[in-house]
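Beneath this line is the structure, given in structure tokens, with notes to follow.
Protein chains in written order, with my numbering: chain A, 107 to 261; chain B, 107 to 261.
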């Protein structure tokens with residue numbers, strides 16, 4: 107999987123959080139994921155199916171970052187990862203994947219998106235079970251960390 | 107969503123676990139999921155995209171049940187939910203969804219499957235973010251419990 111394919115997901119997350127929640131994340135160096143697992147407290151996942159390939163994406167947030175995003179969007183900070191927070195994480199997952207889909211469609215990579223699923227639980231880990239490369243993109247911020255993982259068969 | 111649509115997922119899980127791991131689960135009554143969340147220690151998730159609809163499926167296992175399935179398949183019981191266990195849960199998720207896809211295809215419901223993602227973490231919860239109904243199918247066994255959740259837009 108090449109950089110041309112990873113950057114749309116990276117820039118789409120930065121763009122969505124900056125626009126929706128005035129939150130600036132600092133992207134780290136993308137890496138090919140081997141054994142290590144991304145860890146988070148609340149994660150959005152979405153499946154992708156295209157004519158040439160299929161895959162999956164996840165975005166994991168530290169609880170502190172998810173609550174801060176909610177606070178900036180709604181003006182009130184929830185006490186914990188409640189249903190409003192998981193709705194927001196599902197919506198962000200949809201928007202980030204949709205933004206990347208548009209950018210990649212312009213380059214001839216087409217896929218359709220399934221509906222998102224949101225997992226919550228302290229320190230859960232996520233493993234993408236895909237034959238192709240798994241790319242991990244770490245993000246840091248003063249409010250907590252986030253990770254994107256994206257994996258496609260045959261790219 | 108009607109019974110005709112749910113039964114293929116139910117029978118497919120019973121069939122896969124009985125064939126692969128000589129494990130008999132007892133299905134409970136499917137219900138429309140509202141606020142309650144299925145909880146598990148290791149879950150497989152997969153996205154589905156079809157011409158008329160899209161959706162997501164999850165299968166959550168208690169750790170004790172996942173370890174027993176591994177023991178019956180490999181003859182040795184892992185100490186914890188390791189990478190072999192998450193591989194197995196991903197494979198079961200693929201096989202169950204593939205089995206249901208074949209049964210539903212015969213009835214004219216077509217969809218393609220994304221690649222599976224496996225989440226692990228004690229007592230995590232899963233929320234399917236989908237406009238359509240979310241159906242929860244509980245399963246019990248002497249070795250622990252499992253839950254299927256399936257959700258489709260527009261069915």
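Quick reminder that beta carbons are idealized off the backbone N, C-alpha and C, glycines included. All values derive from a computational prediction rather than experimental measurement.
Enumerate in chain order the residues of its own chain whose CB-to-CB distance from residue i is below 6 Å, with the five nearest sequence positions on each side excluded.
i, result
"residue 156 (chain A)", "216 and 217"
"residue 203 (chain B)", "152, 163 and 219"
"residue 150 (chain A)", "165, 195, 196, 199, 222 and 224"
Check the Cβ of residue i against every Cβ in chain B and list those closer than 9 Å, keeping chain order.
i, result
"residue 193 (chain A)", "233 and 235"
Going by DSSP, what residues sit across from residue i in a beta bridge?
i, result
"residue 161 (chain B)", "B:154 and B:258"
"residue 244 (chain B)", "B:253"
"residue 146 (chain A)", "A:230"
"residue 218 (chain B)", "B:155"
"residue 137 (chain B)", "B:242"
"residue 225 (chain B)", "A:232 and B:149"
"residue 166 (chain B)", "B:149 and B:253"
Note down, in chain order, every chain A residue with its Cβ under 7 Å from the Cβ of residue i.
i, result
"residue 203 (chain B)", "Under the 7 Å cutoff, chain A gives no residues; its nearest Cβ is about 10 Å from residue 203 (chain B)."
For a contact defined as C-beta to C-beta under 8 Å, what are the partners of residue i on chain A?
i, result
"residue 218 (chain B)", "155 and 160"
"residue 250 (chain B)", "Within 8 Å Cβ-Cβ: nothing; residue 250 (chain B) doesn't reach chain A, min ~17 Å."
"residue 229 (chain B)", "227"
"residue 196 (chain B)", "233 and 235"
For a contact defined as C-beta to C-beta under 7 Å, what are the partners of residue i on chain B?
i, result
"residue 259 (chain A)", "221"
"residue 224 (chain A)", "233 and 235"
Considering residue i, what are the terminal residues of the beta strand (DSSP E) in which it resides?
i, result
"residue 207 (chain A)", "Looking at the DSSP string, residue 207 (chain A) is not in any beta strand (DSSP E); the run it does join, the alpha helix (DSSP H), is 189-212."
Excluding five sequence neighbours on each side, which residues of the same chain lie with their C-beta closer than 8 Å to the C-beta of residue i?
i, result
"residue 130 (chain A)", "120, 123, 124 and 247"
"residue 231 (chain B)", "143, 144 and 145"
Grab the span of the alpha helix (DSSP H) containing residue i for me, first residue to last.
i, result
"residue 169 (chain A)", "169-180"
"residue 129 (chain B)", "First-last for residue 129 (chain B): undefined, no H or E at that position."
For chain E, find out if any of its Cβ atoms is closer than 9 Å to the Cβ of residue i; answer yes or no.
i, result
"residue 240 (chain B)", "Structure shown: chain E not included; protein chains present are A and B."
Is residue i close to the ligand NAP? I mean its beta-carbon at under 8 Å from any heavy atom of the ligand.
i, result
"residue 245 (chain A)", "For the ligand NAP, the structure offers nothing, since it holds no ligand at all."
So, for residue i: in the same chain, excluding its five sequence neighbours on each side, which residues have a beta-carbon less than 7 Å away from its beta-carbon?
i, result
"residue 132 (chain B)", "245, 246 and 247"
For this session: Using a Cβ-Cβ cut-off of less than 8 Å, list which residues of the segment 151-177 of chain A approach chain B; keep chain order.
Result: 151, 152, 153, 154, 155, 160, 161, 162 and 164
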